[in-house]
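> I'd like to ask you about the structure that follows.
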Amino acid sequence: MLLIPCPWCGERDESEFTYGGSAERAMPALDGKAGMRDWHAFVHVRDNPRGQHCEYWHHSHGCERWLIVERDTLTHGIAEVHDAALSSDDRA
Amino acid sequence: MRERQDNRLPEGGRIDRTKPLHFSFDGSAFTGYAGDTLASALLAGGVRLTARSFKYHRPRGVMTAGSEEPNMLVRADGRPNLRATEIPLHDGLVATSQNRWPNRRFDVGAIMGLLSPFIGAGFYYKTFMAPAGAWPFYERFIRRAAGLGRAPDGRDAGRFSHRHAHSDVLVVGAGPAGLAAALAAARTGARTVICDERALPGGGLNWLTARIDGSLAADWAGAAAVELAPLTGTTAFAVHDGNLVLMEQRLGPADRCLWKLRARTIVLASGAVERPIVFPGNDRPGIMLASAVRTYVRQYAVRPGRRAVIVTNNDSGYDAIVDLAAAGIETAAVVELQPACSAAPRAKAAGIPLHEGARIEATSGRQSLTGITVAAGGRIACDLVCMAGGWTPSLQLYAQRRGRLRFDSILGAHVPEDAHAPMLVAGAAAGHLTLAECLVGGWAAGRAAAEQCGFAASQDKAFDVDSAELAGRDGSARLPGAFLLQARQRSFVDFQGDVTAKDIALAHGEGFSAIEHLKRYTTAGMGTDQGKTGNINALALAAELSGVPAAEIGHTTFRPPVSPVSFGAIAGEAAGPLIAPTRRTPFYGASSRARAVFVNSDLWVYPRYFPLQGESMRDAVRREVETTRSAAGMCDMSSLGKVDVQGADALAFIERVYCNNLGKLKPGKVRYSLMLREDGIVLDDGTVTCLAENHYLLTLTTAHSGRVWLHLEKLRQVHWPELDVKLASVTDHWASLALAGPCARKILAALGPDFDLDNEAFPVLSMREGEVAGLPARVFRVSFSGELGFEINVPAGFASALWQRLSEAGRPLGLAPYGLEALDVMRIEKGHVVIGSEIDGRTTPGDLGLERMVSQTKDFVGRALLARPALQAEGRHQFVGLKPRDGASPIPVGSQITAAPWTGAPQEAQGHLTASVFSPALGQPIALAMIADGRKRLSETVWTASPIAEKSIEVEIVPPQFYDPDGSRMRA
Chain A
35 MLLIPCPWCG ERDESEFTYG GSAERAMPAL DGKAGMRDWH AFVHVRDNPR GQHCEYWHHS
95 HGCERWLIVE RDTLTHGIAE VHDAALSSDD RA
Chain B
141 MRERQDNRLP EGGRIDRTKP LHFSFDGSAF TGYAGDTLAS ALLAGGVRLT ARSFKYHRPR
201 GVMTAGSEEP NMLVRADGRP NLRATEIPLH DGLVATSQNR WPNRRFDVGA IMGLLSPFIG
261 AGFYYKTFMA PAGAWPFYER FIRRAAGLGR APDGRDAGRF SHRHAHSDVL VVGAGPAGLA
321 AALAAARTGA RTVICDERAL PGGGLNWLTA RIDGSLAADW AGAAAVELAP LTGTTAFAVH
381 DGNLVLMEQR LGPADRCLWK LRARTIVLAS GAVERPIVFP GNDRPGIMLA SAVRTYVRQY
441 AVRPGRRAVI VTNNDSGYDA IVDLAAAGIE TAAVVELQPA CSAAPRAKAA GIPLHEGARI
501 EATSGRQSLT GITVAAGGRI ACDLVCMAGG WTPSLQLYAQ RRGRLRFDSI LGAHVPEDAH
561 APMLVAGAAA GHLTLAECLV GGWAAGRAAA EQCGFAASQD KAFDVDSAEL AGRDGSARLP
621 GAFLLQARQR SFVDFQGDVT AKDIALAHGE GFSAIEHLKR YTTAGMGTDQ GKTGNINALA
681 LAAELSGVPA AEIGHTTFRP PVSPVSFGAI AGEAAGPLIA PTRRTPFYGA SSRARAVFVN
741 SDLWVYPRYF PLQGESMRDA VRREVETTRS AAGMCDMSSL GKVDVQGADA LAFIERVYCN
801 NLGKLKPGKV RYSLMLREDG IVLDDGTVTC LAENHYLLTL TTAHSGRVWL HLEKLRQVHW
861 PELDVKLASV TDHWASLALA GPCARKILAA LGPDFDLDNE AFPVLSMREG EVAGLPARVF
921 RVSFSGELGF EINVPAGFAS ALWQRLSEAG RPLGLAPYGL EALDVMRIEK GHVVIGSEID
981 GRTTPGDLGL ERMVSQTKDF VGRALLARPA LQAEGRHQFV GLKPRDGASP IPVGSQITAA
1041 PWTGAPQEAQ GHLTASVFSP ALGQPIALAM IADGRKRLSE TVWTASPIAE KSIEVEIVPP
1101 QFYDPDGSRM RA
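Residue numbers (this note's numbering), protein chains in the order written: chain A, 35 to 126; chain B, 141 to 1112.
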């Protein structure tokens, strides 16, 4: 049962959160330019790293903010947590 | 007279002789004392045969004094498979033995012993194969023979709860190491919790003869317990990420509390379990662990036998000599497996015959031990054997947190590779077996734990320990595998699973030598005792047969729980009506008063139908539909999700989210809208209403409102943070009542709204805000039923008032409430798609016949992947209606669509039914379905096939809009 340090609410039990998938890729812009391949890569293609992994968690039973959590998939150690909306968006 | 305690010692023990307790076992009455376990009280009463083994139904007695007990599983107070060594005695306890018929002394199942050559390890992989169809016949007998214990009938009368807690330090185990650790930590000021699975804290201190700092060991433990207030009868059975520790606390015979404790640091002081010795005939009643015999003698004042033989491979076996003498038990011999032992002088000094380098050939006695035969020593008459086979540290919790284990070849068992991470390990659990080491090491661990939490380091403590124990470490000597295999009698390795040395050899011979295979093939370690006494012996024998050192064979994976946990404890109070939260709409009270029959729809409690006196559901639903279509009906729609969208970019946001164009939606207008997933599949359907410029209200389906809310917020916060838009969930703010039917406008008018209700002034798919029935309201002209309809929304607190005023206004015109069933009938007649039936996570807008809603001019979530060829291909299942050709046969729900009638021969399914009802409007059964290329096949004949209902109906494919297809009633 992970302890996730929400930047707004402090350390909270995993049961307060909803997992939201990998944060390793950004959603293609909805400007009509991104094609099927870009969207396919975003929706279906994932790395499965053994080690550090960036992922989304929603603090559903707390502040209801979406967070980006850097978690080690092997040890479940959590390195960093950021508010998704407020953090700089420089993921590939 | 059974109530005498023939084997109770006249004095001593940590029992309360002023509190006699009366209990029964297999129908006979017994007496014990407060402080007894069921096992100790039965031993005191002279009962030796207490169980029949799992597979061979061999007579068994108790072997241990703790949670590692493999043999003495009983049914107590209606609960099966409890270890009698862990059941605190209480007055009125009713216990029975298990796995025997008609009784434990004469058990017909003992015939299994004769079949033993055929039912060795893994026999079920090679038997019951032929004839092919006979399995159901075999299964009836196998089901009755397999398994242990009988499932309880009726609900557990215990009370169960959960408790959440936090602590700086958690100490698991309140033996000498644990108590010392907890004292060290608590005295620094750290919040310290200490737990122990036994009812009496102190562990070995309750039966060792020693003095600590001048006090008797048991008194020292008592004083520490007063200072620390340990959680007793509390098993820490799991440790999860973030040091979340789960503990089952047993409060009385039936009540359980599940603790969920977050500890910043953990000290594991869970002790070590003594191993039995593997020798031929080692499972008769009276053959016990040496430490268990000492526990029964010293802690419970019980004499488990009259004449004992100590069978040992290490020094700690010799510690039993003094305890046996103190109980008046004659020690007939010490049988030492090692060729020479440093403790030998102890036996000689006590005048006990010593057999060194011994080989045990057999034991005797059918329902109770009568003797043991040693090669080169002959048969020794005895009724008690004390096995001292070495010590196995209890490291399950350490291993659960991925702590690595190292096999210590002197100890003959695994020890922690690092006693500091992932948790601190102290005492016998770390492989330190003397009392002095446990106290000093425990204290150091408690200090370290408190320091890790930032509490100032305390001093090291020196303990003055006065003890004569030898507490030998060596536990590696064993009888050779070849010797065991040629013996006539079976040598048991896992007592609960009846796994013998021959089974281990068989598994090895068949290629199942890897330790995880060995476990599963022989079932060694798979019983309720989780191999606490058997695993190391099995592992060592397997290693010997494989010719590798035991250290290299590895070990099986440790998984929670460490000991069995009751389901009641896990459930806590979430049982019966409390199993999940109940969501009621604001109209719950009004619906109840209107005599609604409710149904659980996800977490919601919803009116299903409103029967009049004596009406069946079928009649009620039919009447509700007919009333709504001919006069008017009212239906609670409050559970639909509602999201308020505001901001300069509100329109931009909803344009990206929905697949249909919304740019031209003016204030006061409503549009039916579809939301797609990123991959082009339909996610949700609902309405979008423009309340004002930059202000919209979305409705989401009940079932998906939580999921869609998350989706919308993720888009807003994560993917489009640059948009100026805010969302608010207002689902619970508004009570929503649909008023539908030809008389709807007249009834609404009677409520005195402050806006014009004319068809021109208030057309379909528009919204008016104002006052209705004296209440603030938003009225949406939408219709799920297909009749002229108005959805009246008032703030939730006004729900009852709205219901009451609407009912009064509508009564003269025949207004009646309707529920989910009637709603479903009407939507099926209208061919409206719903979540779960047609929107099932596989369908696109095109599949549902809604392709015209998909915008060709804007980009939106799902657009790119909707264009994938497979989602646009021919042959996709499309939404259509079905009518039985004979105009009368009902079509079973769940039917598949086939080209020919169903006869049982395989056919390709062309689609499936999504709904099926009797239509009052058409006077016949109708259905909705998804059928390959359905829209191109209108008027075609196909068949429905339901192997479950065993019916196959000839049907015609028709458009799904059965009733008022051009929507003229809705637009009236």
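Don't be surprised by glycine CBs; every beta carbon is placed ideally from N, CA and C.
Establish whether the CB of B/L867 and some CB of chain A are separated by less than 8 angstroms.
Here the question's residue 867 of chain B lines up with position 727 in the second sequence. It does not; no Cβ of chain A falls within 8 angstroms.
> If you pair each beta-carbon of the segment 448-456 of chain B with each one of the segment 611-618 of chain B, do three or more pairs fall below 8 angstroms?
yes
> Verify whether the separation of the beta carbon atoms of B/E818 and B/G1002 is less than 8 angstroms.
Here residue 818 of chain B refers to the residue found at position 678 when the second sequence is read from its first residue. Here residue 1002 of chain B refers to the residue found at position 862 when the second sequence is read from its first residue. B/G1002 sits close to B/E818, with the two beta carbons spaced by under 8 angstroms.
> Please compile the residues from chain A whose C-beta is within a distance smaller than 7 angstroms of the C-beta of B/F1000.
Position 860 of the second sequence, counted from the first residue, corresponds to residue 1000 of chain B. Within chain A, the residues near B/F1000 are L64.
> Rounded to whole angstroms, what is the Cα-Cα separation between B/G826 and B/G1015?
In the second sequence, residue 826 of chain B corresponds to position 686, counting from 1. In the second sequence, residue 1015 of chain B corresponds to position 875, counting from 1. One C-alpha to the other measures close to 28 angstroms.
> Tell me which residues share the same chain as B/Y436 and place their Cβ nearer than 7 angstroms to its Cβ, disregarding the 5 neighbours each side in the sequence.
Taking the second sequence and counting its residues from 1, the one referred to as residue 436 of chain B is at position 296. So the qualifying residues of the chain are S180, L183, A205, V442, P444.
> Pairs of beta-carbons, one from the segment 197-213 of chain B and one from the segment 416-429 of chain B, closer than 8 angstroms: are there three or more?
yes
> In or out: B/H972 buried (at least 16 other Cβ within 10 Å) or exposed?
Here residue 972 of chain B is taken as the residue at index 832 of the second sequence, counted from 1. Answer is buried; the Cβ neighbour count reaches 16.
> Just to check, is the beta-carbon of B/I979 closer than 7 angstroms to a non-hydrogen atom of the ligand COA?
In the structure shown, the ligand COA is absent, as is every other ligand, since no ligand is present at all.
> Just to confirm my understanding: we take B/R1033, look at its own chain, exclude 5 residues before and 5 after, and list those with CB closer than 7 angstroms. What are they?
Residue mapping note: residue 1033 of chain B aligns to position 893 of the second sequence, counting from 1. Sequence inspection shows Val at residue 1033 of chain B; the Arg mentioned does not correspond to that position. Cβ neighbours of B/V1033 beyond the five flanking positions: L1053, S1056.
> Between B/V1126 and B/A325, how many whole angstroms is the CB-CB distance? I'm expecting something under 8 angstroms.
Because chain B here runs from 141 to 1112, residue 1126 of chain B falls outside it and cannot be looked at.
> Since B/R1008 meets chain A, which of its residues come closer than 9 angstroms, beta carbon to beta carbon?
As a position in the second sequence, residue 1008 of chain B is number 868, starting the count at 1. Per Cβ cutoff of 9 angstroms: M70, H74.
> So, at 6 angstroms on beta carbons, what are the nonlocal neighbours of B/E337 in its own chain, with the 5 sequence-adjacent residues on each side left out?
As a first step, residue 337 of chain B is located in the second sequence; it is residue number 197 there, counting from the start. Cβ within range, chain order: S207, T375.
> Would A/W42 pass as an interface residue toward chain B - the criterion being a Cβ-Cβ separation below 8 angstroms?
Here residue 42 of chain A refers to the residue found at position 8 of the first sequence. Cβ-Cβ to chain B under 8 angstroms: no for A/W42.
> Taking the alpha helix (DSSP H) that A/D72 belongs to, which residues open and close that run?
Counting from one through the first sequence, the residue named residue 72 of chain A turns up at place 38. 70-78 is the span of the alpha helix (DSSP H), which, as asked, contains A/D72.
> By alpha-carbon positions, which one of B/E650, B/S1059, B/R628, B/M666 ends up nearest to B/D638?
Within the second sequence, residue 638 of chain B is the residue found at index 498, counting from 1. Closest option to B/D638, Cα to Cα, is B/M666.
> Can you give me the Cβ contacts of B/E961 inside the same chain, cut-off strictly under 6 angstroms, excluding the 5 residues immediately before and after it?
In the second sequence, counting from the first residue as 1, residue 961 of chain B sits at position 821. Counting only Cβ-Cβ distances below 6 angstroms, and skipping sequence neighbours, we find R748, Y749, V761.
> Of the residues B/R240, B/A627, B/W531, B/R885, which one's Cα is nearest the Cα of B/G929?
Position 789 of the second sequence, counting from 1, holds the residue named residue 929 of chain B. Closest option to B/G929, Cα to Cα, is B/R885.
> Quick check on the DSSP output: the beta strand (DSSP E) that includes B/K642 runs from which residue to which?
For the purposes of this step, residue 642 of chain B is taken as the residue at position 502 of the second sequence. Looking at the DSSP string, B/K642 is not in any beta strand (DSSP E); the run it does join, the alpha helix (DSSP H), is 641-649.
> With H, G and I counted as helix, E and B as strand and the rest as coil, what does DSSP make of B/E496?
On the second sequence, residue 496 of chain B is found 356 positions in, with the first residue counted as 1. Coil, per DSSP.
> Any beta carbon from chain B within less than 8 angstroms of A/A118's own beta carbon?
Here residue 118 of chain A is taken as the residue at index 84 of the first sequence, counted from 1. By this cut-off, A/A118 is an interface position.
> Give me the chain B residues within the contact set of A/T107, using Cβ-Cβ distance strictly less than 8 angstroms, ordered along the chain.
Reading the first sequence from its first residue, position 73 is the one you call residue 107 of chain A. Under the 8 angstroms cutoff, chain B gives no residues; its nearest Cβ is about 12 angstroms from A/T107.
> Is there a Cβ from chain A that is less than 8 angstroms from the Cβ of B/G981?
In the second sequence, counting from the first residue as 1, residue 981 of chain B sits at position 841. So, not an interface residue.
> Look at the alpha carbon of B/L891 and the alpha carbon of B/L915, and state the distance between them as a whole number of angstroms.
The residue you call residue 891 of chain B lines up with position 751 of the second sequence. The residue you call residue 915 of chain B lines up with position 775 of the second sequence. Distance between the alpha carbons of B/L891 and B/L915 is about 10 angstroms.
> Between the segment 623-642 of chain B and the segment 359-368 of chain B, can you find at least three pairs of beta-carbon atoms closer than 8 angstroms?
no
> What is the DSSP secondary structure of B/A528, counted as helix, strand or coil?
Position 388 of the second sequence, counted from the start, is the residue given in the question as residue 528 of chain B. Strand at B/A528.
> Going by C-alpha to C-alpha distance, which of B/L213, B/A627, B/K1091 sits closest to B/R244?
As a first step, residue 244 of chain B must be located in the second sequence, where it is residue number 104. Relative to B/R244, the option among B/L213, B/A627, B/K1091 whose CA is nearest is B/L213.
> Please classify B/W874: does DSSP put it in a helix, a strand, or coil?
By 1-based counting over the second sequence, the position of residue 874 of chain B is 734. Looking at B/W874 - three-state DSSP - the assignment turns out to be strand.
> Step through the CB atoms of chain B and report whether any lies within less than 8 angstroms of the CB of A/G54.
Counting from 1 along the first sequence, the entry for residue 54 of chain A is found at position 20. Cβ-Cβ to chain B under 8 angstroms: yes for A/G54.
> If you draw a straight line from the alpha carbon of B/G612 to that of B/L579, how long is it in whole angstroms?
Against the second sequence, residue 612 of chain B aligns to sequence position 472. Against the second sequence, residue 579 of chain B aligns to sequence position 439. Looking at the two C-alpha atoms, the distance is approximately 17 angstroms.
> At 8 angstroms on the CB atoms, spell out the chain B contacts of A/V103, in chain order.
If you number the first sequence from 1, residue 103 of chain A lands on position 69. Near A/V103 there are no residues of chain B at all, since even the closest Cβ is about 12 angstroms away, more than 8 angstroms.
> What do you get for A/A126, buried or exposed, if any count of 16 or more other CB atoms within 10 angstroms of its CB means buried?
In the first sequence, the residue the question calls residue 126 of chain A occupies position 92. The predicted model places A/A126 with a pLDDT of 36, which falls under 50 and marks its position as unreliable, so this point remains unresolved.
> Looking at chain B, is there any beta carbon in it that lies within less than 8 angstroms of the beta carbon of A/V115?
Taking the first residue of the first sequence as position 1, residue 115 of chain A is located at position 81. Judged by the 8 angstroms Cβ criterion, A/V115 is not in contact with chain B.
> Quick one: any contact between the segment 241-257 of chain B and the segment 187-199 of chain B, if contact means 3 or more CB pairs under 8 angstroms?
Between the segment 241-257 of chain B and the segment 187-199 of chain B there are three or more C-beta pairs closer than 8 angstroms, enough to call the two in contact.
> How many angstroms separate the CA atom of B/P416 from the CA atom of A/L101?
On the second sequence, position 276 is the one that residue 416 of chain B refers to. On the first sequence, position 67 is the one that residue 101 of chain A refers to. Approximately 53 angstroms between the Cα atoms of the pair.
> Look at the alpha carbon of B/L942 and the alpha carbon of B/G773, and state the distance between them as a whole number of angstroms.
Looking up residue 942 of chain B in the second sequence gives position 802. Looking up residue 773 of chain B in the second sequence gives position 633. B/L942 and B/G773: Cα-Cα distance of roughly 14 angstroms.
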